Structure formats: C-alpha cells, structure tokens
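In the numbering used here, the protein residues as written are 4 to 460. All remarks here apply to the structure that follows.
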C-alpha cells in the first residue's frame, strides 16, 4: 500500500511519493496528490537522511559522529638464520596469528638476493616443509627484481594480486616478502589492497630496510615522476630482521642504511648520535656488532615514533622522520635512481644542516659534527644532480619542496635542526639561502676531493 510524505505548502503535485517494497523505501516520480499522514505512518526516525525534492529540504540534516580507535600490535623481531629449521621465530609469528590449522603463505623473494644466495629458494621451501604440521607454502617463492625500478610501474603489484587470487591467499593467510626496501614497498601495497588488506610479513635484507623502511607503516609505488605517489599506510603483521642477510650486501648497500640512523639521532636522540660517532670507524669497516647496535636502536626509535607520535599515518602536515628527504627524493628522481636512497638522504641532510646554520638556527660546531660524521661513514655530500636546471635555467632540485608539500598536503613543513637531538619544524624556506647552502656543499666536496687526491699522491 502506498504511503505518502506529509504535505508541505511549497510542494507541488509533481513531488515524488514514498512507498515500501520488501521493507525498503523507493521513490516514484509519478505525480500524485498529497494528503496528510498520521504521525507514525512514515516516521522521521525510519528515514534519517534529509530528503530533498525540487531543491527544497524537508527535514533538518542529521549527523552522526563517532571516534574510531584501532589498536595495532606492531612487532619487530631480530634474529640470525630465520629460515634455519631449528629457528622458531617465523613459525611462532605465523602460528601466533591464529586461524586455520595450517597457515598458508605466499613468499616473494628479491632477485638480487636469490642470485647472491643460490640455495635460498630451496632453504625457504625446506623450512616450510620441516614445519608442515603448522605451515603451508602454497608455491615456490616468486622471484622479482628489487631496487627502485620495481616501483616504477603498477605491473608487479598486479602480478602479486594475480598470485594472491590464484592461490587463495585470504585475510587469514600470509604474504611474506624477503628483500630490500623498494620490494617491501611494492609488495606491501599489493598486500594492503588485496581483499582490503591481507597479513603481510616483512623480512628486510638490507641495512636501510632493517633500520628504517621495513619497520615503518608505508607502502607504495612511484607514478607521474613522483616517488610513492600511489601508496597506503598499513602496518605489517610482523617484521623479522635477520642480520645474516647483511653479509650478502655490497659495501655501498651496507653503508646506505647508516644515514637513516644519523637522521633519527639528529632529530630525536643526542646520545644515539654520540654512539654513532664512537662507532664510526667500526661502522665504516662494516663490523657486524656495530652494525647490529645501530640497526636495533634506529629501528626502536622509528617504532617509538610510529607508536607515540599521535600521527602515525601522517594526517597532519609534518613528517619529522623525513628530515633531509625533500631534496633526497628529488635527487633520486633526477639521477634516474642511480643514487641510492641513503646516498641521496645523506646529501639532503647535509644541505639542510648547512641551511639551518645559514639562517642562524644551528650552531657551527653542531653543523660540522653532522657533516664530518656522514663523511666518516663514507658518504659523498654532493651530487651533480644538485646543479641540474630546467629549460628556464631554474634549479630542478628546488621543485622538490613543492612536491614534498603536495605529497602530504597542507602547508609546507620541513624539519630542521636547532641542536643535535632536537628537530624543529619550519613552514617556509629562503630559496636564495638554500642555493647558497648548495654552493657551500659543492665547495666542501671539491676541497675534500683535492685533499684525498693529495693524500693519495
């Protein structure tokens, strides 16, 4: 039986009517005469949204607001030999998630790592076979190239999605990624978008991913010439740092992760900065004990920030853990990713501490400590990409400031140093002084190069 809305003096006979079909409401456009209804015949509380017709709102617009709080256990484990059958850590992590009797897992493996350790695919398969009562490896590890190239298209994300679908990896199964930061970023995006989020376990294998990117909650790929343009914030189910993988790295890749420790020490922990200074010689020689101390403390500081900053998903305008990154991201792009992320961040930090000194924010002694530490760890603090110009003669690296702001939204927010261990946010950058700081970096690099040549001679 048809039921009508109450009449309204400003409505015409062409207004729609409301009726019930199977407990649902629908709207008819057929003209019909309106007649008054009893109070309970089409109650307002049964139709809470504002009904608008002919541009007129019949009832006040109601609103509902609730605060949603989600608790997330973010676990980072440290071990040696994660795929040794006697090592229980991976089994414990996967079984601890609950679910089916046997936990299904799909594994993605970094191609460079697979080549460096030819038996690793078999080792992974043997681990799951030895724990077959609780774990099921649905297929042999998927081997995909690592490095920033893997993030330069969406192709590999779709490839992972197809494997997730083929092997029925659901929200109670696991997607494991064994590799460096770029591969972790890409696979993390695939995990976060399949079934609106499946369990993702990261096993970082580089210094940089073990102390920084692998511990974080960001996933993404590059698009439109911009780093991480497509991405999500989604914490991994777990992170397992296996220090044994570090021995497979080249010296360049072992060193690259040090800069993230310098970064977080600069803005968060002066004592950690002092410790890195004390260990600088050992770190430059890649001594395992010194590297492990650095990775553990750096990962801990990153995890503390995520858990206690109040803005783990960066809804605000600040990214304090991206100190030195506005220039770094642009330098990576300008170098066509020939510069490692860590190498670009070292230059970005050097540029920002010189700028902080130039505007009177950071004293000369602290500035020199940061620059010297980066150099002692083996970083070059200048790259020719700093001088690249566009067709109008503008320095292209400066557009990194605009892209940095756009990526987060809101006003420009850059983290600078006012003392070692104390970061501060600024909302504008004096471009002539930024350029002067770049020139100072170039001069320092040239002088250091001449000194090295003289010593060698």
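Ideal Cβ positions, reconstructed from N, Cα and C, are used throughout, including at glycine. These numbers were taken from a predicted model, which means no experiment stands behind them.
Whole-number beta carbon distance between residue j and residue i, since they are thought to touch under 8 Å
i, j, result
"residue 461", "residue 309", "Outside the shown range of the chain (4 to 460) lies residue 461, about which nothing can therefore be said."
"residue 230", "residue 358", "Going by Cβ atoms, the distance from residue 230 to residue 358 rounds to 21 Å, so no, they are not a contact pair."
"residue 415", "residue 261", "Between residue 261 and residue 415 the Cβ distance is about 28 Å, and since that is not below 8 Å, they are no contact."
"residue 187", "residue 108", "Not a contact, Cβ separation roughly 16 Å."
"residue 149", "residue 114", "6 Å"
"residue 253", "residue 192", "27 Å between Cβ atoms; not a contact."
"residue 265", "residue 157", "The pair is not a contact, with the Cβ atoms about 33 Å apart (cut-off 8 Å)."
"residue 337", "residue 391", "5 Å"
"residue 267", "residue 304", "5 Å"
"residue 374", "residue 438", "At roughly 18 Å, the Cβ-Cβ gap does not stay under 8 Å, so residue 374 and residue 438 are not in contact."
Where residue i falls: helix, strand or coil (DSSP)
i, result
"residue 306", "helix"
"residue 441", "helix"
"residue 406", "helix"
"residue 180", "strand"
"residue 151", "helix"
"residue 113", "strand"
"residue 245", "strand"
"residue 453", "helix"
"residue 277", "helix"
"residue 293", "helix"
"residue 205", "strand"
"residue 251", "helix"
"residue 258", "helix"
"residue 418", "strand"
"residue 233", "strand"
"residue 345", "helix"
"residue 131", "helix"
"residue 365", "coil"
"residue 446", "helix"
"residue 226", "strand"
"residue 339", "coil"
"residue 373", "helix"
Cα-Cα separation between residue i and residue j, rounded to whole angstroms
i, j, result
"residue 30", "residue 400", "At residue 30 the pLDDT is 48, less than 50, meaning the model places this residue with poor confidence and gives no usable figure here."
"residue 24", "residue 172", "Below a pLDDT of 50, predicted positions are generally treated as unreliable, and residue 24, at 40, falls in that range; the measurement from the model is reported next regardless. Answer to the nearest angstrom: the Cα atoms are 39 Å apart."
"residue 284", "residue 214", "19 Å"
"residue 132", "residue 221", "32 Å"
"residue 272", "residue 425", "8 Å"
"residue 162", "residue 240", "21 Å"
"residue 364", "residue 356", "9 Å"
"residue 306", "residue 446", "37 Å"
"residue 87", "residue 237", "29 Å"
"residue 295", "residue 246", "7 Å"
"residue 167", "residue 160", "11 Å"
"residue 121", "residue 89", "21 Å"
"residue 129", "residue 105", "16 Å"
"residue 269", "residue 368", "14 Å"
"residue 117", "residue 298", "23 Å"
"residue 208", "residue 82", "12 Å"
"residue 394", "residue 430", "28 Å"
"residue 348", "residue 324", "11 Å"
"residue 335", "residue 408", "17 Å"
"residue 136", "residue 174", "20 Å"
"residue 360", "residue 291", "34 Å"
"residue 405", "residue 68", "34 Å"
"residue 282", "residue 370", "19 Å"
"residue 233", "residue 147", "20 Å"
"residue 293", "residue 378", "17 Å"
Beta-carbon gap between residue i and residue j smaller than 8 Å
i, j, result
"residue 153", "residue 185", "yes"
"residue 110", "residue 145", "yes"
"residue 280", "residue 376", "yes"
"residue 112", "residue 182", "yes"
"residue 343", "residue 450", "no"
"residue 124", "residue 340", "no"
"residue 142", "residue 176", "no"
"residue 333", "residue 403", "yes"
"residue 302", "residue 350", "no"
"residue 384", "residue 441", "no"
"residue 92", "residue 77", "no"
"residue 423", "residue 276", "yes"
Best match in the options for proximity to residue i [C-alpha to C-alpha]
i, options, result
"residue 205", "362, 244, 147", "244"
"residue 362", "160, 406, 433", "433"
"residue 345", "120, 428, 256, 82", "256"
"residue 419", "327, 248, 96, 134", "327"
"residue 249", "286, 77, 233, 228", "286"
"residue 217", "190, 288, 232", "190"
"residue 119", "251, 366, 406", "251"
"residue 94", "127, 73, 155", "127"
"residue 195", "164, 170, 169", "164"
"residue 330", "388, 288, 293, 289", "388"
"residue 278", "228, 226, 200, 372", "372"
CB contact below 8 Å: residue i versus chain D
i, result
"residue 194", "Considering every chain present, this structure includes no chain D. It has just one protein chain."
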